[in-house]
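Working notes, beginning with the structure itself.
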Amino acid sequence: MSRLLQRYQQQITERPIRTYAIQAATMFTIGDCLAQDVIEKREKHDFSRTLRMTVYAGLIGGPVVGTWLTFINRAITIQNRWKAAFARMAIDTVFFMPSIQAIFITGISLLEGRNLQQIKEKFEASYVKGLTNACRFWPFVNLFGFAFVPHTYRPLLNSSCSIAWNAYLSYLNQQAILCTQQIAAPVKVPLSRPVAASE
């Protein structure tokens, strides 16, 4: 185990972006599989949906989150451990959390081939709900990470905890798709007015 951690630390030091991308892509893939097969209990797995989540995580989500955690560790230089942890957690919650939620919805929507109007509808259907639930989950994970986990391993902690969160995100994204499809569904108008019995 110690050799494995040393190997990980070497990779995160020498090739941080690639490491962030690989670990996030792996966790997002697991999360989407859990969402489809355990939460939604789909009869047939949607592999294109899983691929979109994997591509988003590898190209956007992982590198962005990993870079942010490195930045915030360097930006907050308070020596007291708990004061530093609370400061980083507060900044992350106020500034980064709303941003990464928006980046996720936009990125996944573009991979799905949606236009601006459809992306707007998805925002209206899922952004507030997703952000609200994120505020109930990630501040506690981040506070633990900022207080007890060495900064080198925080992206790994984040990715590990994100398995459950990514399952939720994938489920939320699918619910938003169904919602926007219902909004876009045309209303069927009868060709002729039904005749009342008294006529």
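In the working numbering, the protein residues as written are 58 to 256. Cβ atoms here follow ideal geometry from the backbone N, Cα and C, with glycine treated the same way. Quantities reported herein were computed from a predicted structural model and do not represent experimental measurements.
Between residue i and residue j, how many whole angstroms is the CB-CB distance? I'm expecting something under 8 Å.
i: Ser227; j: Asp94; result: That pair is no contact at about 11 Å.
i: Lys179; j: Ala224; result: Not quite, the Cβ-Cβ distance comes to about 19 Å (not below 8 Å), so this is no contact.
i: Trp222; j: Phe194; result: 6 Å
i: Gly258; j: Tyr113; result: Residue 258 lies beyond the range of the chain shown here (58 to 256); nothing can be said about it.
i: Ser166; j: Ile176; result: 4 Å
i: Met110; j: Ile220; result: 12 Å between Cβ atoms; not a contact.
i: Ala159; j: Thr237; result: With a Cβ gap of about 17 Å, Ala159 and Thr237 do not count as contacting.
i: Ala192; j: Thr124; result: The residue you asked about is not Ala; residue 192 is Cys in the sequence shown. With 8 Å as the limit, Cys192 and Thr124 do not qualify as a contact, their Cβ atoms being about 22 Å apart.
i: Leu188; j: Met154; result: 7 Å
Counting only the same chain and skipping the five closest in sequence on each side, list residues whose C-beta sits under 8 Å from that of residue i.
i: Gln80; result: Gly119, Pro212, Leu213, Ser216
i: Thr107; result: Thr86, Asp89, Cys90, Gln93
i: Arg250; result: In this predicted model, Arg250 has a pLDDT of only 46, less than 50, meaning its place in the structure is not dependable enough to derive any value.
i: Leu168; result: Arg109, Val112, Tyr113
Note down, in chain order, each residue of its chain lying with its Cβ closer than 7 Å to the Cβ of residue i, except the 5 sequence neighbours on either side.
i: Cys218; result: Val198
i: Ala144; result: Ile133, Ile135
i: Ala253; result: Because the pLDDT of Ala253 is 46, which lies under 50, any placement of that residue in the model is unreliable, and the question is left without a value.
i: Asn130; result: His208
i: Ala82; result: Thr111, Ala114, Gly115, Gly119
i: Phe142; result: Note that residue 142 corresponds to Ala in the displayed sequence, not to Phe. Excluding positions up to five away in sequence, the list reads Leu200, Phe203, Ala204.
In chain order, what residues of the same chain have a beta carbon less than 6 Å from the beta carbon of residue i, not counting five sequence neighbours either side?
i: Pro73; result: none
i: Phe161; result: none
i: Ala78; result: Gly115, Gly119, Pro120
i: Leu126; result: Arg211, Pro212
If you follow the alpha helix (DSSP H) that residue i is in, where does it begin and where does it stop?
i: Glu97; result: Per DSSP, Glu97 belongs to no alpha helix (DSSP H) and is neither H nor E.
i: Gly150; result: It is worth fixing the name first, because residue 150 is Thr in this sequence and not Gly. Looking at the DSSP string, Thr150 is not in any alpha helix (DSSP H), and its letter there is neither H nor E.
i: Tyr65; result: 59-71
i: Pro196; result: 173-205
i: Ala132; result: 119-132
i: Glu113; result: It should be pointed out that residue 113 corresponds to Tyr in this sequence rather than to Glu. It spans 104-113 - the alpha helix (DSSP H) in which Tyr113 sits, taken as one unbroken run.
The region 94-110 / the region 130-140 touching (three or more Cβ pairs under 8 Å): No, they do not touch.
Three-pair Cβ contact test at 8 Å for the region 63-72 versus the region 196-204: no
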